[in-house]
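In our numbering, the protein residues as written are 323 to 665. Below is one structure; the comments refer to it alone.
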């Protein structure tokens with residue numbers, strides 16, 4: 323039976339081509355995708371397309387977009403073997419992270435990709451990214467099951483776990499990194515799957531569950547030399563604030579400022595969750611290593627381990643959306659729910 327893949331176009335650079343009349347970049351009709359990328363016809367796949375209306379610029383993406391995307395996957399889940407989501411790159415890592423938490427018991431590939439140049443440009447990276455993402459979405463092992471049954475990002479010959487990915491370059495084709503986790507697959511002459519790093523279900527044939535309750539009452543507090551008490555307290559006093567993503571130095575360290583520790587402790591005592599994430603791309607928060615980290619842990623700051631900021635934001639938005647009890651959130655934030663942290 324031919325693999326059936328649903329291509330979901332939400333917007334972004336990859337779906338653009340030059341309008342011959344105006345000379346500007348315009349979205350093309352994705353119902354005619356094989357005309358734009360004729361190599362897709364060489365696959366013996368059933369390729370169907372679905373376009374969001376209206377299309378969404380990546381910079382305008384909000385959690386309601388994640389909900390729409392998760393519900394689109396759920397609606398078509400029983401009809402297709404895999405999904406390829408085409409979108410802009412600016413918030414792709416946030417979207418992939420959010421989808422990973424929204425889609426529970428996922429057993430099919432959901433691969434996000436895009437491009438740095440429009441697919442209608444001669445030197446575009448979009449065609450290679452698109453074609454490889456489709457091939458991986460359709461790929462099955464000897465047992466007939468999907469090779470990569472999780473949410474991932476394919477870009478510039480590498481497939482990364484979505485919630486381990488961050489965009490680090492706005493000018494090169496290699497736009498994404500996964501600093502703390504190896505690629506799930508690498509595309510060369512052949513596509514090499516790194517099976518030992520791919521998350522497979524403990525048991526198959528479970529129904530897909532989605533989580534769409536979100537809460538955006540959080541803020542990111544990035545520490546820097548010279549940060550002022552009024553700045554920190556201003557953020558911590560935001561009405562209705564549920565959580566703070568605290569971007570610290572190195573392995574989870576903060577300045578030895580008594581007012582800073584006191585402000586964080588008071589916020590935690592008021593019920594605000596404080597989640598410690600390193601500013602470094604690679605490495606992990608280890609609050610037991612240095613005195614400042616130990617003090618943060620003592621007042622109740624939660625360790626983000628080696629999570630990315632994008633995944634931390636998405637995880638907190640989903641957990642605070644689902645639960646009002648901080649004890650439950652604290653318990654779940656420390657769990658490796660979708661392969662987002664190493665513990």
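Quick reminder that beta carbons are idealized off the backbone N, C-alpha and C, glycines included. Quantities reported herein were computed from a predicted structural model and do not represent experimental measurements.
Where residue i falls, given that 16 or more other Cβ within 10 Å makes a residue buried
i	result
residue 496	exposed
residue 361	exposed
residue 566	buried
residue 637	buried
residue 447	buried
residue 669	Nothing can be reported for residue 669, as the shown portion of the chain is limited to 323 through 665.
residue 472	buried
residue 445	exposed
residue 483	buried
residue 546	exposed
residue 617	buried
residue 333	buried
residue 384	exposed
residue 527	exposed
residue 331	buried
residue 311	This structure leaves residue 311 out entirely; the chain is present only between 323 and 665.
Distance between residue j and residue i (C-alpha atoms, nearest Å)
i	j	result
residue 658	residue 628	11 Å
residue 422	residue 391	12 Å
residue 395	residue 553	41 Å
residue 506	residue 375	32 Å
residue 663	residue 417	17 Å
residue 581	residue 550	10 Å
residue 491	residue 498	7 Å
residue 560	residue 457	47 Å
residue 623	residue 643	20 Å
residue 645	residue 485	21 Å
residue 589	residue 324	56 Å
residue 430	residue 398	12 Å
residue 509	residue 477	10 Å
residue 598	residue 562	20 Å
residue 511	residue 408	24 Å
residue 534	residue 438	30 Å
residue 574	residue 401	45 Å
residue 404	residue 427	14 Å
Endpoints, the alpha helix (DSSP H) within which residue i is located
i	result
residue 591	580-591
residue 651	648-655
residue 503	Per DSSP, residue 503 belongs to no alpha helix (DSSP H) and is neither H nor E.
residue 618	613-620
Per-residue DSSP class, three states only, for residue i
i	result
residue 451	helix
residue 493	coil
residue 555	helix
residue 636	helix
residue 349	strand
residue 279	Outside the displayed span of the chain (323 to 665) sits residue 279, for which this structure offers no information.
residue 402	coil
residue 573	coil
residue 414	helix
residue 488	strand
residue 443	coil
residue 524	coil
residue 599	strand
residue 407	strand
residue 464	coil
Contact belief for residue i with residue j at Cβ below 8 Å, rounded distance in angstroms
i	j	result
residue 440	residue 335	5 Å
residue 455	residue 487	Contact flag wrong, Cβ pair sits at about 14 Å.
residue 586	residue 569	Not confirmed; about 13 Å, so no contact.
residue 555	residue 537	Actually they are not in contact, since the Cβ atoms of residue 555 and residue 537 sit about 22 Å apart, beyond 8 Å.
residue 327	residue 406	6 Å
residue 557	residue 541	5 Å
residue 489	residue 412	7 Å
Span of the beta strand (DSSP E), counted from its first residue to its last, around residue i
i	result
residue 483	480-483
residue 434	432-435
residue 603	No beta strand (DSSP E) contains residue 603, which DSSP labels as neither H nor E.
residue 370	368-373
residue 569	565-570
residue 508	507-509
residue 541	540-544
residue 514	513-515
residue 473	473-477
residue 383	No beta strand (DSSP E) holds residue 383; DSSP gives it neither H nor E.
residue 330	326-331
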